[in-house]
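Asker:
Residue numbers (the UniProt record's numbering): 1 to 457.
1. Output the distance between the C-alpha atoms of residue 439 and residue 112, rounded to the nearest integer angstrom.
2. For residue 386 and residue 444, I'd like the C-alpha separation in whole angstroms.
3. CA-CA distance, residue 178 and residue 379?
4. Taking 8 angstroms as the threshold (C-beta atoms), are residue 242 and residue 433 in contact?
5. Whether or not the stretch 278 to 294 and the stretch 242 to 255 are in contact is what I'm after, with contact meaning three or more pairs of Cβ atoms, one per stretch, closer than 8 angstroms; do they touch?
6. Alpha carbons only, please: which of 383, 287, 399, 231 is nearest the one belonging to residue 369?
7. Is DSSP giving residue 357 helix, strand or coil here?
8. For residue 415, count neighbouring C-beta atoms within 10 Å of its own C-beta (all shown protein chains included) and say buried if the count is 16 or more, exposed if not.
9. For the 8 angstroms Cβ check, are there 3 or more pairs between the stretch 332 to 339 and the stretch 253 to 273?
10. Whole-angstrom Cβ separation of residue 191 and residue 203, contact assumed at under 8 angstroms?
11. Classify residue 115 as buried or exposed, calling it buried when 16 or more other Cβ atoms lie within 10 Å of its own Cβ.
12. From which residue to which residue does the beta strand (DSSP E) around residue 282 run?
13. Could you check if residue 40 is buried or exposed, using at least 16 other CB atoms within 10 Å of its CB as the buried criterion?
14. Could you tell me whether the stretch 318 to 328 touches the stretch 351 to 361, using the rule of 3 or more Cβ pairs below 8 angstroms?
15. Need the endpoints of the beta strand (DSSP E) that residue 331 sits in, please.
16. Residue 217 to residue 284, Cα distance in whole Å?
17. Might you give, ordered along the chain, the residues of its own chain that have their beta carbon closer than 6 angstroms to the beta carbon of residue 430, omitting 5 neighbours on each side?
18. From residue 176 to residue 169, what does the alpha carbon distance come to, in whole angstroms?
19. Can the beta-carbon of residue 419 be found closer than 8 angstroms to that of residue 289?
20. Take residue 402 as the anchor and find which of 213, 365, 110, 425 has the nearest alpha-carbon.
21. Rounded to whole angstroms, how far is the Cβ of residue 215 from the Cβ of residue 152, which I believe are closer than 8 angstroms?
22. From what residue to what residue does the alpha helix (DSSP H) around residue 342 run?
23. Flag this pair as yes or no: are the beta carbons of residue 163 and residue 211 separated by less than 8 angstroms?
24. Is residue 381 buried or exposed, if buried means 16 or more other CB atoms sit within 10 Å of its CB?
25. Count the other C-beta atoms from every protein chain shown that fall within 10 angstroms of the C-beta of residue 271, then say buried if there are 16 or more, exposed otherwise.
26. Tell me whether residue 311 sits in a helix, a strand or coil according to DSSP, three-state version.
27. Of the choices 426, 384, 388, whose alpha-carbon is the least far from that of residue 236?
28. For residue 301, which of helix, strand or coil comes out of DSSP?
29. Pull up the distance between the alpha-carbon of residue 300 and that of residue 408, whole angstroms please.
30. Which residues bound the alpha helix (DSSP H) around residue 155?
31. Within the same chain, show all residues whose beta-carbon is closer than 7 angstroms to that of residue 311, passing over the 5 residues directly before and after it, in chain order.
Quick look at the structure:
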């Protein structure tokens, strides 16, 4: 098979290079040209002369490409090549190109590993100090690459045994003994193991972040500075501890009274008002939230109150308390546009009552509810008799027990007085934890801080 001059002139450049004479010197210089890092090459001793010859040949090829007429060869210089030889030449060229690409990737990988090693050595050399390792902890070396240095002085001062109990109670809205009991109960659920990178956050610090956040409603940015933790870490700790409270403490401290306790509650309510078979007092309040992105109008509360003088977005919190103000049942999360009786009809308490599970038990509520077999409300018609007026006064006293309980709840957990700066799906979790913490304080007969009581009222 022979090509004429026109066909030969239209062949690709790489094919013309295939037919050009190749020797060992040019092969070495081609490798030198492809190298990106000359320091990594081990060049032969005659690389200087090879480099000069390679530059001259490259200049001649460049001048040849810039010529106006295409490069041609005489008919007698064209070699006779069959199809098999041509295919072999193409295969050899593709193998050479693949080898060159593989060498490039290998050199880049080597350079990347060297740069990473140099960076790690620099970080290790610039480390400030190495703290002694604690028993059961991970490595004692604190790497600035993983943990940002923050001050925990505020919490470490209050965590000391000699810190005054009065100041501790004012800060966390509970006594140190109650705080210690909560930490002991939650330790199996919230404790984390140390790793090779860092030590785990202690259980007491985890619980303290959650209780402080719920008790003050402080912004996460300020909570982060106060406890020496990251903002996202504080938010995560609050949700983790609230989840542990719901799973560990709620079954113990927030439940409907059994038969013996219900008998005691009835006796105490009867001694207080003279009305028999009263098992609890019901009240419903609204917790302000940020306007949700979906279903915004359903959460708009049009009602006015002393604290909320204009319409706002809220969710409802319905609770039944005993004579001490301890929650026996809560229903959380229904939109603020719903009325109190609608919230009751959506609650699990309503279904239990309609099935006759509250036999010989009255739950007292205001006139906004309808009279039922288990819900006791005051008289609402006009021209009441003296006996009916007296009955309504007694009902008001029982209802006041629930109102005072909600006031103490909001006083101990000031986050309920502000718009909840958390996702809507997490609001019910946080409110449930607040009710459990309230019950623990009430069962342990802890007094309210007067300032917190006034702010909640």
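Note that the Cβ used here is the ideal one computed from N, Cα and C, for glycine as well. Note that the coordinates shown come from a computational prediction; the quantities given were computed from them, not determined experimentally.
Answerer: Considering the structure as presented:
1. Cα to Cα, the separation comes out at about 59 angstroms.
2. Taking the straight line joining both Cα atoms gives about 40 angstroms.
3. Per the coordinates, the alpha-carbon of residue 178 lies some 42 angstroms from the alpha-carbon of residue 379.
4. For residue 433 and residue 242, yes; Cβs fall inside 8 angstroms.
5. No: the two stretches stay apart, fewer than three of their Cβ pairs being nearer than 8 angstroms.
6. The residue with the shortest Cα to Cα distance from residue 369 is 399.
7. In this structure, residue 357 counts as coil in the three-state DSSP scheme.
8. It counts as buried.
9. Remark: fewer than three beta-carbon pairs, one from each stretch, lie closer than 8 angstroms, so the stretch 332 to 339 and the stretch 253 to 273 are not flagged as touching.
10. The beta carbons of residue 191 and residue 203 sit about 5 angstroms from each other, so the pair counts as a contact at 8 angstroms.
11. If you draw a 10 Å sphere on the C-beta of residue 115, you find fewer than 16 other C-beta atoms in it, and that means exposed.
12. Residues 278 to 288.
13. Only weak support is given to the placement of residue 40: the predicted model assigns it a pLDDT of 44, under 50, and the value that follows is read from those uncertain coordinates. Burial call: exposed.
14. Taking 8 angstroms as the limit for Cβ pairs, the verdict is that the stretch 351 to 361 does not touch the stretch 318 to 328.
15. Annotation for residue 331: the continuous beta strand (DSSP E) segment containing it runs 327 to 335.
16. Near 21 angstroms, if we compare the C-alpha coordinates of residue 284 and residue 217.
17. Hits under 6 angstroms: 242.
18. Rounded to whole angstroms, the separation of the alpha carbons of residue 169 and residue 176 is 7 angstroms.
19. Yes, these two residues count as a Cβ contact at 8 angstroms.
20. Here the closest residue by C-alpha is 365.
21. Incorrect: roughly 19 angstroms between the Cβ atoms, too far for contact.
22. From DSSP, the alpha helix (DSSP H) with residue 342 extends over 340 to 346.
23. With contacts defined by Cβ atoms closer than 8 angstroms, residue 163 and residue 211 do not form a contacting pair.
24. Burial call: exposed.
25. Classification of residue 271: exposed, given that the 10 Å Cβ count is below 16.
26. Three-state DSSP puts residue 311 in coil, outside helix and strand.
27. Selected option, being the one with the closest Cα: 426.
28. For residue 301, the three-state secondary structure derived from DSSP is strand.
29. A direct Cα-Cα distance of roughly 25 angstroms separates residue 300 from residue 408.
30. That run of the alpha helix (DSSP H) goes 153 to 158.
31. These residues qualify, in order along the chain: 300, 301, 302.
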